[in-house]
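*Asks:* Once you've had a glance at the structure underneath, I'll fire off some questions.
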Ligand SMILES: CC(C)(COP(=O)(O)OP(=O)(O)OC[C@H]1O[C@@H](n2cnc3c(N)ncnc32)[C@H](O)[C@@H]1OP(=O)(O)O)[C@@H](O)C(=O)NCCC(=O)NCCS
């Protein structure tokens, strides 16, 4: 993919060499991964690099790194957006987002980056619909999707297993806004 620049973020396909020890350590931080699938693994630098290498549009997913400009002008990797589960016959896919750098939470980076990534996916991957789900308790996630134009489609009862019990999720989606009608 071509690099995307928003007002404050730089989005580019993540490469194994972008993975730092800071990122691998964050994946082992329960507060960061509490509501993500990453919490089911123990992460080392090599494992995180292998995970990044397993992605790629030809392999069925697109892993985009979210970078911001650091104080010294260098680019700092703070999170990821991943498009996956491409349903080619329906022009649909799934998206997930994580800002793993806790110091950067609440600054609007997730919303800014997701908005641009979704626009890119609709235009370049010619998608009709992008879906996501999140833990109902994860209010900031809900806010991010809402700010990016996703609408609630479903209450997902007992969707996730966490700390010995099943908790509810919320299913959200966005239809390509450039389509005049959802029928192709
Ligand atoms: C969820 C996550 C992506 C949000 O990233 P972020 O960069 O902090 O998000 P933003 O700053 O763009 O937006 C967060 C919004 O949620 C709001 N928010 C935060 N906590 C909230 C709460 N408890 N209740 C309601 N809203 C809340 C913020 O005020 C902000 O809204 P605003 O811009 O209108 O003020 C990030 O915290 C994260 O990656 N967490 C760990 C992994 C995760 O949960 N991923 C999501 C899986 S679906």
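In this note's numbering, the protein residues as written are 56 to 239.
Glycine is no exception: its CB is placed at the ideal position from the N, C-alpha and C atoms.
Keep in mind the model is a prediction, meaning the values are calculated, not measured.
In the DSSP output, what is residue 91 paired with across the bridge?
*Replies:* Here the question's residue 91 lines up with position 36 in the chain shown. Paired residue(s): none; residue 91 is not in a bridge.
*Asks:* Taking one C-beta from the segment 181 to 189 and one from the segment 217 to 231 each time, how about it: are there three or more such pairs within less than 8 Å?
*Replies:* Contact between the segment 181 to 189 and the segment 217 to 231 is present, because at least three Cβ pairs lie under 8 Å.
*Asks:* If you check the beta carbons only, do residue 137 and residue 151 fall under 8 Å apart?
*Replies:* For the purposes of this step, residue 137 is taken as residue 82 along the chain shown, with counting starting at 1. For the purposes of this step, residue 151 is taken as residue 96 along the chain shown, with counting starting at 1. Yes; because the gap between Cβ atoms is below 8 Å, this pair is in contact.
*Asks:* May I ask whether a heavy atom of ligand 1 can be found less than 7 Å away from the beta carbon of residue 163?
*Replies:* Taking the chain shown and counting its residues from 1, the one referred to as residue 163 is at position 108. Yes, since a heavy atom of ligand 1 falls inside the 7 Å radius drawn around the Cβ of residue 163.
*Asks:* Enumerated in chain order, which unbroken segments of the beta strand (DSSP E) with a length of 3 residues or greater are wholly contained in the segment 200 to 238?
*Replies:* List check, beta strand (DSSP E) in window: 206 to 217 and 220 to 230.
*Asks:* Using the beta-carbon count (16 or more within 10 Å), is residue 216 buried or exposed?
*Replies:* The residue labelled residue 216 in the question sits at position 161 within the chain shown. Residue 216 is exposed by the Cβ-count criterion.
*Asks:* Measuring CA to CA, which of 193, 200 and 160 is closest to residue 91?
*Replies:* If you number the chain shown from 1, residue 91 lands on position 36. Selected option, being the one with the closest Cα: 193.
*Asks:* Buried or exposed: residue 144, going by 16 or more other Cβ atoms within 10 Å of its Cβ?
*Replies:* Position 89 of the chain shown, counting from 1, holds the residue named residue 144. By the 10 Å Cβ count, residue 144 comes out exposed.
*Asks:* Would residue 64 be called buried (16 or more neighbouring beta carbons within 10 Å of its own) or exposed?
*Replies:* Locating residue 64 in the chain shown gives position 9, where the first residue counts as 1. When all chains shown are included, residue 64 counts as buried.
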